[in-house]
Amino acid sequence: MFKKILIANRGEIALRVIRTCREMGIKTVAVYSTADADSLHVRFADEAVCIGPAASRDSYLKIPRILAAAEITNAEAIHPGYGFLAENAEFSRICEEHNIKFIGPSPDMISAMGDKSTAKDNMIKFGVPVVPGSDGTISDVKEAEAIAKDIGFPVIVKATAGGGGRGMRIVHEAADFKRQFESARSEAGNAFGNPEVYVEKYIQEPRHVEIQILGDRHGYITHLGERDCSLQRRHQKVLEESPSPIVNAELREKMGQAAIRAAETVQYEGAGTVEFLVDKDLNFYFMEMNTRIQVEHPVTEEVTNADLIKNQLEVAAGLPLKRSEFKMRGHAIECRINAEDPEKNFRPSAGKITTFHMPGGHSVRVDTHAYSGYVVPPTYDSMIAKLIVSAPNRMECIARMKRALNEFVIEGIKTTIPYHLQLMETPEFIEGKFTTHFLEKSFKFNPNI
Ligand code: ADP
134 MFKKILIANR
144 GEIALRVIRT
154 CREMGIKTVA
164 VYSTADADSL
174 HVRFADEAVC
184 IGPAASRDSY
194 LKIPRILAAA
204 EITNAEAIHP
214 GYGFLAENAE
224 FSRICEEHNI
234 KFIGPSPDMI
244 SAMGDKSTAK
254 DNMIKFGVPV
264 VPGSDGTISD
274 VKEAEAIAKD
284 IGFPVIVKAT
294 AGGGGRGMRI
304 VHEAADFKRQ
314 FESARSEAGN
324 AFGNPEVYVE
334 KYIQEPRHVE
344 IQILGDRHGY
354 ITHLGERDCS
364 LQRRHQKVLE
374 ESPSPIVNAE
384 LREKMGQAAI
394 RAAETVQYEG
404 AGTVEFLVDK
414 DLNFYFMEMN
424 TRIQVEHPVT
434 EEVTNADLIK
444 NQLEVAAGLP
454 LKRSEFKMRG
464 HAIECRINAE
474 DPEKNFRPSA
484 GKITTFHMPG
494 GHSVRVDTHA
504 YSGYVVPPTY
514 DSMIAKLIVS
524 APNRMECIAR
534 MKRALNEFVI
544 EGIKTTIPYH
554 LQLMETPEFI
564 EGKFTTHFLE
574 KSFKFNPNI
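Add 133 to a position in the sequence shown, counting from 1, and you land on the number used in this note's numbering.
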């Protein structure tokens, strides 16, 4: 096992990694920007190195500075967390060249999954169900329109290099196709330096269900069940849970095996997530594979008893995964607490937290880097805490989440706690009947209840 690792990230995920390292007797090196000098990950790590000013491109994305920090502190490996450099094949390659173990997949695995159209072609070869659509990318608008008519509207035009919901256009009718196709291409070209797009059927009112997988260097790949992440705003997940209210044991096994096949297309090593869209008839389709730890990994940890960060470290050190079957027990829900004002269309609410009181008690977990007196910088992601609760079943889990949200006191800034509280009282949520459009189309936040 490693003796010392560097964490190329900030916020709650940096702390999350530090905590497991402590338990495993691994020393940690934090890196931080000047805006994060007072952040908890800096205080909890054994060593900390300032790598630049607030702007991410000058600090958390600055590869030479991160490598220099690893070299001067003698860190043997780098954990990238999520976001920033976590899915940057170039970073993984540079770490390899400097004899520093990247705690994640190889550059080739990241590249193969990062190009969506290539990934989709590989899925077809390995028998993973995909959304019907064009054969690879397509640049001729006439040809693309013919394919769209063939598969039937609505269709979605997607950038092969896409991410964060950019370079995507939904087209409802043929008359609109040319304009949307061209606008997707130009947005993709500008955002990713690659204008290539592909066309696929637009699945109406889907659920987003993803499978957690783990692979080791000895060719073994396993899955740890699903997370339902259908509750989203602007393609950002708001609340996640495991198990999914729509997945039974049979569907779980089918999706789990499909996810393992998806990971086998690149002989995947490390922790990863295979995302699927599920339609109203419970057909599921591969959407993409994320080659990193996800924000929502704790709901899987709570129902399977796994420590996914420990698994990542073990696999990166070349140890084999345990060959035992995973077992899911009870239910877990995660609410993302963001420094945003739900009354003002989720406007970011940076500033000083004057009071920060965390909920506690039975089966309540808070992953956060915030504390009383902490100043939320305006520079980064607005998520300041993840509240995760578990219980023997979904109804008790909802009751526990409501109780925990009510205990959570954050003063000085606005947060999404009231929004989550209202969600806990909403019939569609309680009944588990919602799709990826529910929050934006049907749910109205009412500050007065
Ligand atoms: P990104 O990497 O930019 O997040 P994804 O491929 O993960 O792009 O898609 C983002 C979101 O767009 C999905 O979560 C889903 O809600 C929606 N989406 C993507 N493809 C389809 C499709 N074929 N039908 C319906 N919705 C889709």
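Note that CB positions come from ideal geometry on N, CA and C, so glycine has one too.
So the alpha helix (DSSP H) Asp254 belongs to, where does it begin and stop? Counting along the chain, the unbroken alpha helix (DSSP H) around Asp254 starts and ends at Lys249 to Lys258.
The alpha helix (DSSP H) spanning Arg533 covers which residue range? Per DSSP, the continuous alpha helix (DSSP H) segment holding Arg533 begins and ends at Arg527 to Glu540.
May I have the straight-line CA-CA distance separating Val264 from Val182, to the nearest angstrom? Approximately 45 Å, taken between the alpha carbons.
Span of the beta strand (DSSP E) around Phe489: Unbroken beta strand (DSSP E) run through Phe489: Thr488 to His490.
Flag this pair as yes or no: are the beta carbons of Ala452 and Asp349 separated by less than 9 Å? In the sequence as presented, Ala is not what sits at residue 452; that position holds Leu. A distance below 9 Å separates the beta carbons of Leu452 and Asp349.
Using 9 Å as the threshold, is the C-beta distance between Thr548 and Glu434 below it? Not in contact: Thr548 and Glu434 (Cβ atoms no closer than 9 Å).
His553 burial status per 10 Å Cβ neighbour count (16 or more: buried): Around the beta carbon of His553, 16 or more other beta carbons sit within 10 angstroms, so the residue counts as buried.
May I ask you to report which of helix, strand or coil DSSP gives Gly266? Judged by DSSP in its simplified three-state form, Gly266 adopts strand.
Does at least one heavy atom of the ligand ADP sit under 8 Å from the Cβ of Tyr552? Between the ligand ADP and Tyr552, a heavy atom-to-CB distance of less than 8 Å is absent.
Can you give, in chain order, each stretch of the alpha helix (DSSP H) that sits fully within the segment 300-355 and has at least 4 residues? Entirely contained in the segment 300-355, the alpha helix (DSSP H) runs reaching 4 residues are, in chain order, 310-325.
What does the alpha-carbon distance come out to for the pair Ala252 and Ala292? Each residue's alpha carbon lies about 13 Å from the other.
Are the segment 480-497 and the segment 557-571 touching by the rule of at least three beta carbon pairs closer than 8 Å? The segment 480-497 vs the segment 557-571: no contact.
Between which two residues does the alpha helix (DSSP H) holding Ile146 run? Gly144 to Met157 is the span of the alpha helix (DSSP H), which, as asked, contains Ile146.
Can we say the segment 294-301 touches the segment 354-363, given the rule of at least three CB pairs closer than 8 Å? No, the segment 294-301 does not touch the segment 354-363.
Starting from Tyr507, trace the alpha helix (DSSP H) in both directions and tell me its first and last residue. Element bounds for Tyr507: n/a, residue is neither H nor E.
First and last residue of the alpha helix (DSSP H) that includes Ala382? For Ala382, the enclosing alpha helix (DSSP H) starts and ends at Ala382 to Glu397.
Is Val411 near the ligand ADP, judged by its Cβ being under 8 Å from some heavy atom? Because no heavy atom of the ligand ADP lies under 8 Å away, the Cβ of Val411 does not count as near it: no.
Give a yes or no on whether the C-beta atoms belonging to Phe217 and Ala449 are separated by under 9 Å. No; because the gap between Cβ atoms is not below 9 Å, this pair is not in contact.
Could you tell me the alpha carbon to alpha carbon distance between Val411 and Gln390, rounded to whole angstroms? Pairing Val411 with Gln390, the inter-Cα distance amounts to about 15 Å.
Could you tell me the alpha carbon to alpha carbon distance between Lys577 and Leu372, rounded to whole angstroms? Rounded to the nearest angstrom, the gap between the Cα atoms of Lys577 and Leu372 is 16 Å.
Take Pro431 as the anchor and find which of Lys137, Ser377 and Arg149 has the nearest alpha-carbon. Sorting Lys137, Ser377 and Arg149 by C-alpha distance to the C-alpha of Pro431 places Arg149 at the top.
Are His570 and Ala524 touching if we call contact CB-CB under 9 Å? With contacts defined by Cβ atoms closer than 9 Å, His570 and Ala524 do not form a contacting pair.
Check whether the Cβ atoms of Glu269 and Tyr331 sit closer than 9 Å, and answer yes or no. The sequence given here has Gly at residue 269, not Glu. The criterion of a C-beta distance shorter than 9 Å is satisfied by Gly269 and Tyr331.
State the start and end residues of the unbroken alpha helix (DSSP H) segment that holds Ala201. It spans Ile196 to Thr206 - the alpha helix (DSSP H) in which Ala201 sits, taken as one unbroken run.
Residues of its chain near Ala392, where Cβ-Cβ distance is below 6 Å and the 5 sequence neighbours each way are ignored: These residues qualify, in order along the chain: Ile344, Ile346, His356 and Val407.
With a Cβ-Cβ cutoff of 9 Å, do Ala147 and Ala168 count as a contact? Taking 9 Å as the Cβ cut-off, Ala147 and Ala168 do not qualify as a contacting pair.
Flag Glu373 as yes when its Cβ comes closer than 8 Å to any non-hydrogen atom of the ligand ADP, and as no otherwise. With a cutoff of 8 Å, Glu373 does not count as near the ligand ADP, since its C-beta is closer than that to no heavy atom of the ligand.
Using 8 Å as the cut-off, classify the Cβ of Lys574 as near or not near the heavy atoms of the ligand ADP, replying yes or no. Checking the Cβ of Lys574 against the ligand ADP gives no.
Can you tell me which residues form a DSSP beta bridge with Ile289? DSSP, once it has assigned bridges, lists Ile303 and Glu333 as partnering Ile289.
Would you please state the rounded distance, in angstroms, between the beta carbons of Arg394 and Val261? I believe it to be under 8 Å. Yes, they are in contact, since the Cβ atoms of Arg394 and Val261 sit about 5 Å apart, within 8 Å.
For Gly214, which option in Ile233, Met256, Ile140 and Ser225 has the closest C-alpha, if you only look at C-alpha atoms? Nearest of Ile233, Met256, Ile140 and Ser225 to Gly214, Cα basis: Ile140.
Under 9 Å between C-beta atoms of His93 and Ile138: The first residue shown for the chain is 134 and the last is 582, placing residue 93 beyond what the model contains.
Any idea if Met528 is buried or exposed, counting beta-carbon neighbours within 10 angstroms, 16 or more meaning buried? Met528 is exposed by the Cβ-count criterion.
What I want to know is whether the C-beta of Val290 ends up closer than 8 Å to one or more non-hydrogen atoms of the ligand ADP. No, the ligand ADP has no heavy atom inside 8 Å of this Cβ.
Go ahead and pull the three-state DSSP assignment for Val111. One cannot answer for residue 111 here, as it falls past the ends of the chain, which runs 134 to 582.
List the DSSP bridge partners of Tyr418. Beta-bridge analysis with DSSP links Tyr418 to Leu410.
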